[in-house]
Amino acid sequence: MKTLVALWRVPSARLALLVLFGVGFLAVFGGALAPHDPLQQYTDEVLQGPSAHHLLGTDYVGRDVLSRLMEGTRLSVVGAVEAVLIGGLLGVPAGLASAWLGPRLEWITLRTSDTLVVLPFTVFAIAVAGTLGNGLQQAMVAIGVLISPVFFRVTRAATLGLRKVQYVEAAELMGATEWWTLRRHIWSKVLPNVAVTAAHATGSALLVVASLAFLGLGVTPPAPTWGGMLSSDLGYLAQQPWAPVFPALLMMATVGSLNLLADAIRDATGATAAPRRRTRPAVAAAAREERPDVVTV
Amino acid sequence: MTTTQERPLTTATTPDPPPLLSVRGLSVSYAPPRKGTHLGTGAALVEADLDIRPGEIVGIVGETGSGKTTLARATVGLVAPAAGTIEFAGEDIGGLRGRARRAFRRSGQVQLVFQDPLRSLDPDLTVADIVREPLDIAGTLSRTERHERVRESLRLVGLEPDEVLQRRPRQLSGGQRQRVSLARAISTRPRLLYCDEPVSALDVSNRNLVLNLLEQLRTELDLAVVIIAHDLSSLAGIADRVAVFYRGRIVEQGPIRAVLEHPAHPYTALLTASAPSIGDEDRLRPDQLKPAPDARVWPADGVCVFAQRCPFAHDACADQPAPAPLPDTPARLAACHDAVTWRDRLSARPHEDRKATP
Amino acid sequence: MSSPSEENPVRTTLEVADLQVSVAGGLVAVQDVSFEIRRGESVGLVGESGSGKTLTCRAILGLLPATGRIDGGRIVLGDGADAVELTGARRSTWDQVRAVRIGAVFQDPASYLNPSLTVGHQLAEQLRVKGSLSRRAAHDRAVELFDEVGLHDPAGVFHQYPHQLSGGMLQRVLIAIAVSCEPELLIADEATTALDVVIQAEILALLRRLRDTHGLSLLLVTHDLAVVAESCDRILVMYGGQVVESGPTDQVLRDPRHPYTQALMGVATIGSWHRRRLDVIPGQPPAAGEEMPGCRFAPRCAHATAACESGPVPVADLGGDRTSRCVLAGHLSLSPRVTTGQEVPA
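Chains as they are written, first to last, in my numbering: chain B, 1 to 297; chain H, 298 to 655; chain C, 656 to 1001.
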């Protein structure tokens, strides 16, 4: 909560949060608020420019572009978020365990993550879609597995640094269990790193969902997604050179905001450890320290 | 296990109570020991014998790497001893492992206060959380009892609970942080408290404050306190006994006043002579206690640990002497062949101290 | 500073006059600091952390932190034809001053050495760049210097890396580097604080010896009164950004004329140090930028009166090279023996 308040004070983070809030709103209510049915084909209004009736025009089979964008937000965003959640759920516990629970587990997790890192993103997704069948879920699981090494590495790096920290040693001396130490001392230091990674990863997952949709993978055609719209618009570039701009802009705004947010989180949480806020409270504390103290023995 | 409940105040008036902590022949080696029983140069502590009696303040002095911190870390179980026993209140704690060790730690009878509170206090937690943590881990007290204990502990270290409870370590001054660290350690009502260099990071005005506090806690909580320090001056006003470490060995121990005023080991004498002080004329000068430039060269190992730096070393010093009681005062031990006689050979020769010791 | 010293034939190494330093956007951390260091003299600058002693010596070295600024006053190195004004000096001036005319050693020697070069290389480098010696001559001179600062086997140390040396030896290496260009002034900022007592005593002895053999002036910055007591001719006691007392060491320690100096003596290792009591100065020192119209020590002072807090306290010249920033300095002899007990209302 404090971090959110601190974030809100950073202008770029505020902008990013506003954009993301808008995107989130579209993802939830976009379909309901859309002026037209995104699948409805107005066959006599094919490939029209923006007008009062179709604010962003229509596509090659006469569907309303604005409605498709609004409806498509949900599928694109939900897909990306799902992938990141899967990645985080796989990577973060593995990272904690690898740094915390001894060398054998460390070896296994490190090798697994190395293997995953070597696999090219899109090719792996295509392979998964090929074996498990084409569908949003399959594609997202594939992407999730592929981004889990990022979470793994970030978590592991942050945790490793804390292994020998004195307050962790102090907790050990109090008889704390590993689980207690993780929860009490480690998690709060790892969380900001995970948040930054999650924001970045959501951005790249969005792009991957889009590129998969562009290739015809993941979401099946009539359902609108940003990537799918881009792909179909490209076929009619001669008639509507401006058409790809709308989905592309939306995508850029979202990904850009996520990156801005990631940077802001890093700055805000990093600042709690850096001396920025330190001077004043310390001065006040020093001044308030009681005067008539223990005088002599 | 009596755990964190109040201990009955059973300070019997027997002349010599049994030791609370008894360390016998403790050796710790950081590098793996060589073949056989011989400890390699990685030995951080060699055959240390030390008793801590209830309610006593014992100072441990020595230079960096002399094994004083290792002794503390071995007694609390942060490093495994290579040999020797550690008994706490009659119970062998040196061999505790796993569950048994955790249970002993949770009882909170032995606590360690780290040197730098900024590093040993979690920066993200409030003072309330920090001081309550050992109680939360032990889990023997009820919620309200724990809160009350936290406030009481803070008051004991001279902090006003309402002012500091919600602050974080960075929002406190150095002296306050050290006291929060102390409050955490005493929240379990320990019987033995280790303080690793409790004042070396503090300013002069806070330094004595913390030392006085330790003295006060000792009387109020009937604590035994071990203070690790690299200079004698912070111990001088407070400790009852002192043990002097040099290169992993206890070279001298005894009542502080006797040790400081009349050192029995040449190293202790060098320490007291080197301590900076204002206007103290009647004491030895460091250059009286250093070997002459043309003195015999001693090997680093296999002889008395101090031989290299000792101006009085002779043939007998090729063997490391065991700590032995002084003839007139059996309460004092010194590991020196010439504990009684080196003083007679003190020369007034003032040779400029020229060479650093590696 | 008092004018008589201007006519004095004794030459001045450093003169600091009315120095004002602020940090973090205008918080005054050092105010009206004036002192001078004469040739061959060793001066101790004593104070708690936050007293401004480190900022003062950083200002002299032109190494203020990024937020620090000199707001007023003068710092002049040398006198006569050699005099250089250091306040607002350019980069090129500093290049001719730092490490050449002023050497410095700090608390943590390891962080001032490059871990991937041998210590001998680093000293020789300095000699070649600043002293324009040839490679051969620099090597020989470096070994000579290492020997001079009391390192065993100087030729062997030459080829060692910083991590192979102990803290005390590293400090000796840094001292060798600091004096390599025959500076006029050597500043030691808490240079012995992190060392063991035996090594500390050795380093202090070394600094005293270098002063005698090289004719250096020495500025010893420390929080420990006992350290300066044995090593300095004169001491300056700083408190809350001001010099509150100055004078010849033995006189100041025998008869302190500022209650703070006296309180410091109470908490330092005084007299026969193993029979001391653990006195405490109640309260906390003022923070940088804290506005106080009167004496900055008044809230903690056992002798404070209403007059102390109402207006600025001028520096009283007590004669015999002694000053005190206390209204009582002239009237009251604050004998340490009588008042060390700190009869402060508890």
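For each residue, glycine too, the CB sits at the ideal point set by N, CA and C.
Return helix, strand or coil for residue i, following the three-state DSSP convention.
i: residue 17(B); result: helix
i: residue 938(C); result: coil
i: residue 115(B); result: helix
i: residue 86(B); result: helix
i: residue 750(C); result: helix
i: residue 394(H); result: coil
i: residue 302(H); result: Residue placement at residue 302(H) is poorly supported in this model, since its pLDDT is 41, which falls under 50; the coordinates still yield a value, given next. Coil, per DSSP.
i: residue 401(H); result: helix
i: residue 894(C); result: strand
i: residue 451(H); result: helix
i: residue 1041(C); result: Here chain C has residues from 656 to 1001 only, and residue 1041(C) is not among them.
i: residue 215(B); result: coil
i: residue 765(C); result: helix
i: residue 665(C); result: coil
i: residue 916(C); result: helix
i: residue 327(H); result: coil
i: residue 364(H); result: coil
i: residue 58(B); result: strand
Does the beta-carbon of residue i have 16 or more other beta-carbons within 10 angstroms, so that it is buried, or is it exposed?
i: residue 167(B); result: buried
i: residue 751(C); result: exposed
i: residue 183(B); result: exposed
i: residue 252(B); result: exposed
i: residue 334(H); result: Because residue 334(H) sits at a pLDDT of 40, beneath the cut-off of 50, its placement in the model cannot be relied upon, and the point is left open.
i: residue 893(C); result: buried
i: residue 226(B); result: buried
i: residue 743(C); result: exposed
i: residue 746(C); result: exposed
i: residue 639(H); result: buried
Quick one: what's got a C-beta closer than 6 Å to residue i's C-beta in the same chain, skipping five residues either side?
i: residue 610(H); result: 604
i: residue 764(C); result: 825, 826 and 829
i: residue 738(C); result: 731
i: residue 130(B); result: none
i: residue 669(C); result: 692, 732 and 840
i: residue 443(H); result: 429 and 432
i: residue 193(B); result: 154 and 158
Distance cutoff 7 Å, beta carbons only. Does residue i sit that close to anything in chain A?
i: residue 763(C); result: Among the protein chains in the structure shown, which are B, H and C, there is no chain A.
Would you mind telling me which residues of chain B sit closer than 8 Å to residue i, beta carbon to beta carbon, in chain order?
i: residue 399(H); result: 175 and 177
i: residue 375(H); result: 169, 172 and 173
Chain H partners of residue i, CB-CB under 8 Å?
i: residue 933(C); result: 505, 508, 509, 512, 534 and 535
i: residue 167(B); result: 416, 417, 418 and 419
Starting from residue i, find everything on chain C with Cβ-Cβ shorter than 8 Å and list it in chain order.
i: residue 573(H); result: 852, 855, 856, 859, 879, 881, 882, 884, 885 and 924
i: residue 568(H); result: 852 and 853
Please list, in chain order, all residues of the same chain as residue i whose beta carbon is under 7 Å from its beta carbon, the five residues on each side excluded.
i: residue 276(B); result: With a pLDDT of 30 at residue 276(B), under the threshold of 50, the modelled position of that residue is not reliable, and the figure given next carries that caveat. Here the set comprises nothing.
i: residue 929(C); result: Model confidence at residue 929(C) stands at a pLDDT of 48, short of 50, so the residue's coordinates are unreliable; what they give is reported in the following sentence. Hits under 7 Å: none found.
i: residue 14(B); result: 8
i: residue 36(B); result: 64 and 67
i: residue 315(H); result: none
i: residue 377(H); result: none
Cβ closer than 7 Å: which chain B residues qualify as neighbours of residue i?
i: residue 431(H); result: 174
List the residues of chain C whose Cβ lies closer than 9 Å to the Cβ of residue i, in chain order.
i: residue 559(H); result: Per Cβ cutoff of 9 Å: no residues; residue 559(H) is ~11 Å from chain C at best.
So which residues on chain B does residue i lean against when the C-beta distance must stay under 9 Å?
i: residue 435(H); result: 174 and 175
Anything in chain H within Cβ reach of residue i, meaning under 9 Å, just list it in chain order.
i: residue 901(C); result: What residue 901(C) touches in chain H: nothing, since even the nearest Cβ is about 17 Å away.
Name the chain H residues whose beta carbon is nearer than 7 Å to that of residue i?
i: residue 185(B); result: 419
i: residue 704(C); result: 500
i: residue 188(B); result: 421
Return the chain-ordered list of same chain residues with a C-beta closer than 8 Å to the C-beta of residue i, the five sequence neighbours on each side being excluded.
i: residue 428(H); result: 447, 450, 451, 477, 480, 481 and 484
So with CB distances below 7 Å, who are the chain C contacts of residue i?
i: residue 528(H); result: 852
So, does the stretch 866-881 of chain C touch the stretch 684-699 of chain C, judging by three or more C-beta pairs under 8 Å? yes
Three or more C-beta pairs closer than 8 Å, one from the stretch 258-270 of chain B and one from the stretch 190-201 of chain B: is that the case here? yes
Between the stretch 406-420 of chain H and the stretch 152-163 of chain B, are three or more C-beta pairs nearer than 8 Å? no
Check whether the stretch 202-213 of chain B touches the stretch 451-460 of chain H, counting contact only when three or more Cβ pairs, one atom from each stretch, lie closer than 8 Å. no
Does the pairing of the stretch 522-538 of chain H with the stretch 841-856 of chain C give three or more beta-carbon distances under 8 Å? yes
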